[in-house]
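Here the numbering used here is used: the first residue of the sequence shown is 266, the next is one more, and so on. Glycine included, each C-beta is placed from N, C-alpha and C at the ideal position. Quick caveat: nothing in here was measured; it's all calculated off a predicted structure. Data first, discussion second: the structure below is written as structure tokens.
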Amino acid sequence: MFKSLYSRIAIYTITVILLSAILSFFISNVYYHFNLKPKNDQKIMTTLKDARQFDAAQQHQVSTSFFKHLADMNYQIMTVDNYGHKHFYGADFRKDTLSATNIQRVLQGHDYHGIAKQPFQLLVTGFFDNETDNTVGVRFKSSEGYVAVFMRPDIGQTFSEFRIFLALLIILLLIISISLIIASTYAIIKPIQSLKYATERLMHGDFDTPIKQTRTDEIGILQYRFDTMRQSLKQVDAMRQHFVQNVSHEMKTPLTHIHHALTQLQASDDKATQQTIINDLFTITSRLSDLTRELLILSELDNASHIQLNSTIQLDLLLQDLIRHEQYLIERKNIIVYAELLPSSLLGNERLMHQAFENLLRNAIKYTNNEGAINIKLQHRNNHVHFTIQNDGQPMTKEAQLHIFDRFYKVNSNDTSNGLGLSITQAIVQLHHGHIEVESNNLIGTQFTVILPFKP
266 MFKSLYSRIA IYTITVILLS AILSFFISNV YYHFNLKPKN DQKIMTTLKD
316 ARQFDAAQQH QVSTSFFKHL ADMNYQIMTV DNYGHKHFYG ADFRKDTLSA
366 TNIQRVLQGH DYHGIAKQPF QLLVTGFFDN ETDNTVGVRF KSSEGYVAVF
416 MRPDIGQTFS EFRIFLALLI ILLLIISISL IIASTYAIIK PIQSLKYATE
466 RLMHGDFDTP IKQTRTDEIG ILQYRFDTMR QSLKQVDAMR QHFVQNVSHE
516 MKTPLTHIHH ALTQLQASDD KATQQTIIND LFTITSRLSD LTRELLILSE
566 LDNASHIQLN STIQLDLLLQ DLIRHEQYLI ERKNIIVYAE LLPSSLLGNE
616 RLMHQAFENL LRNAIKYTNN EGAINIKLQH RNNHVHFTIQ NDGQPMTKEA
666 QLHIFDRFYK VNSNDTSNGL GLSITQAIVQ LHHGHIEVES NNLIGTQFTV
716 ILPFKP
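See the structure below:
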């Protein structure tokens with residue numbers, strides 16, 4: 266029964282209504298007992314005494330017709346004479362529970378307040394107890410002596426039409442309320458059910474079917490965010506497929522070359538040819554090793570929650586070491602490196618920062634013309650470290666500048682790199698709460714700028 270939210274909300278709401286009705290009855294019953302019951306007793310007693318006073322003023326002898334007329338005013342009456350004879354007028358009492366002691370006290374001239382003295386019962390309202398002890402009583406004078414008269418309102422007669430109206434009202438209230446509760450619950454649950462079906466589609470890889478926002482409340486916001494999540498998952502899935510395709514391509518090409526080279530090596534007896542093939546194999550396996558290493562770095566950056574960024578990095582010293590380590594490549598192309606490095610320190614992961622700036626330096630060396638120049642600057646601006654590296658090589662196209670940080674992107678198809686270096690650099694810079702920019706044109710060549718938070 267409670268497996269669905271629909272039935273749970275409907276049953277909870279109906280239960281709340283029923284419990285509210287029961288609690289309201291209990292509170293009303295307590296209020297009647299302690300507040301209204303004494304007032305009701307006094308009001309009926311006043312009416313009965315007024316009737317006695319009226320009869321005495323008219324100098325009438327108390328008779329059966331008098332009590333019949335009084336009963337016609339929607340009262341139930343019981344009279345008891347000195348001999349214990351009882352007479353009833355109006356509607357019948359359900360029970361005759363009045364004790365002889367109380368009757369005798371009234372005959373002796375004492376007033377009887379049975380309504381006010383009715384015992385409190387939590388589940389029963391004393392107002393509706395149709396019994397002779399739930400009355401008020403006084404003594405009337407007759408030609409034959411005194412008569413004890415006990416009276417209470419005839420609730421059944423007084424509220425007969427109202428009871429029908431009230432019963433009809435309650436029945437219709439329950440029917441309409443329950444119907445509206447079920448309908449409103451369905452209206453609430455329907456968009457949630459659609460979200461459930463949408464998540465099932467997402468589980469099966471359907472990221473194309475949109476999730477419509479049908480409301481403006483919290484559920485509507487949830488629908489909007491689910492659809493935003495669907496779009497994000499669609500992008501991630503497309504990136505994943507593209508990534509797998511690129512990795513497969515990057516792995517397939519060198520593996521094909523290795524297979525071809527091994528076939529040639531097996532078929533050749535010439536020592537020089539064999540040495541050339543072996544050198545090619547070393548080059549290819551080195552590229553595969555670089556690819557594997559960079560894929561591992563990307564995987565680490567994609568799950569960066571465990572990476573520690575609390576080491577103090579002396580960036581100017583790190584750059585000096587990088588320039589010194591790459592001196593062989595620099596001298597081979599007769600490149601002049603101009604370095605202006607202000608002492609700079611920041612918090613981060615030194616291993617990853619070394620990788621990021623190594624990628625930028627090697628990239629600059631790779632695309633700088635022979636006998637060209639590379640300008641490196643490390644400056645301080647607005648509590649940030651600004652690093653720029655500029656080379657005078659062939660500038661990039663606008664299209665290349667838009668995609669230069671994409672994974673596996675290559676400026677030209679003849680590039681022997683795997684296209685991951687700048688993507689790794691950008692991820693490392695962003696991990697350190699910085700950002701990287703590129704500018705490339707005929708005036709300056711190509712310039713990369715890295716801006717990082719400064720640690721004084």
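State yes or no: is the C-beta of residue i within less than 7 Å of the C-beta of residue j?
i: proline 660; j: serine 609; result: no
i: tyrosine 306; j: isoleucine 380; result: The question names tyrosine, but residue 306 is aspartate in the sequence shown. In contact: aspartate 306 and isoleucine 380 (Cβ atoms closer than 7 Å).
i: lysine 314; j: valine 403; result: yes
i: isoleucine 476; j: aspartate 492; result: yes
i: phenylalanine 332; j: isoleucine 342; result: yes
i: aspartate 545; j: alanine 526; result: yes
i: glutamine 666; j: valine 715; result: no
i: glutamate 623; j: leucine 574; result: no
i: aspartate 394; j: threonine 362; result: no
i: tyrosine 603; j: asparagine 648; result: no
i: phenylalanine 472; j: arginine 490; result: no
When DSSP labels each residue in this structure, what does residue i get in the three-state scheme?
i: valine 710; result: As written in the sequence, residue 710 is glycine, which differs from the valine given in the question. Correct three-state label for glycine 710: strand.
i: leucine 363; result: coil
i: isoleucine 600; result: coil
i: asparagine 677; result: coil
i: asparagine 294; result: helix
i: leucine 667; result: helix
i: lysine 477; result: coil
i: phenylalanine 353; result: strand
i: histidine 524; result: helix
i: isoleucine 639; result: strand
i: isoleucine 572; result: coil
i: proline 721; result: At proline 721 the pLDDT is 49, less than 50, meaning the model places this residue with poor confidence and gives no usable figure here.
i: asparagine 656; result: strand
i: arginine 646; result: strand
i: glutamate 605; result: strand
i: glutamate 396; result: strand
i: glutamine 540; result: helix
i: serine 591; result: It is glutamate, not serine, that sits at residue 591 in the sequence shown. Coil, per DSSP.
i: threonine 312; result: helix
i: aspartate 586; result: helix
i: glutamine 500; result: helix
i: phenylalanine 319; result: helix
i: histidine 334; result: helix
Which residues does DSSP list as the beta-bridge partners of residue i?
i: lysine 406; result: Tyr411
i: leucine 611; result: Ile578
i: aspartate 346; result: Val412
i: glutamate 704; result: Gln712
i: proline 418; result: Tyr340
i: valine 401; result: His378 and Met416
i: histidine 651; result: Gln644 and Ile716
Might you give, ordered along the chain, the residues of its own chain that have their beta carbon closer than 7 Å to the beta carbon of residue i, omitting 5 neighbours on each side?
i: proline 418; result: Ile309, Asn339 and Tyr340
i: alanine 569; result: Leu696
i: proline 721; result: For proline 721, the predicted model reports a pLDDT of 49, less than 50, meaning its position is unreliable; a value from the coordinates is still stated below. There are no such residues.
i: histidine 619; result: Leu583
i: leucine 594; result: Ile630
i: glutamine 644; result: Leu607 and His651
i: leucine 625; result: Ile654, Thr690 and Phe713
i: asparagine 635; result: Lys598 and Asn599
i: leucine 439; result: none
i: isoleucine 709; result: Gln655
Looking only at its own chain, which residues have a Cβ that is under 8 Å from the Cβ of residue i, when we skip the five neighbours before and after it?
i: glutamate 559; result: Asn683, Leu685, Gly686 and Ile689
i: threonine 450; result: Tyr271, Ile274, Ala275 and Thr278
i: glutamine 539; result: Leu530 and Ser533
i: tyrosine 632; result: Asn656, Gly658, Gln659 and Thr711
i: histidine 668; result: Tyr674
Please determine, among the options, the residue with the shortest C-alpha to C-alpha distance to residue i.
i: asparagine 707; options: Gln655, Phe673, Glu623 and Lys675; result: Gln655
i: serine 442; options: Gln478, Leu283, Gly613 and Lys663; result: Leu283
i: valine 676; options: Asp346, Asn647, Leu487 and Asn628; result: Asn628
i: alanine 621; options: Leu563, Ile600 and Lys598; result: Leu563
i: valine 401; options: Thr344, Arg672 and Ala537; result: Thr344
i: glycine 470; options: Ile523, Ser497, Val295 and Met416; result: Ser497
i: threonine 577; options: Pro718, Gly355 and Val509; result: Pro718
i: phenylalanine 673; options: Tyr603, Asn614 and Arg505; result: Arg505
i: glutamine 369; options: Leu617, Ile447 and Lys351; result: Lys351
i: arginine 616; options: Ile287, Leu372 and Gln579; result: Gln579
i: phenylalanine 547; options: Pro519, Ile572, Asp671 and Ala537; result: Pro519
i: phenylalanine 385; options: Tyr603, Phe299, Gln585 and Arg466; result: Phe299
So, at 6 Å on beta carbons, what are the nonlocal neighbours of residue i in its own chain, with the 5 sequence-adjacent residues on each side left out?
i: glycine 374; result: Arg404
i: alanine 692; result: Leu566
i: isoleucine 484; result: Pro456
i: leucine 553; result: Pro519
i: aspartate 581; result: Leu606, Pro608, Ser609 and Leu643
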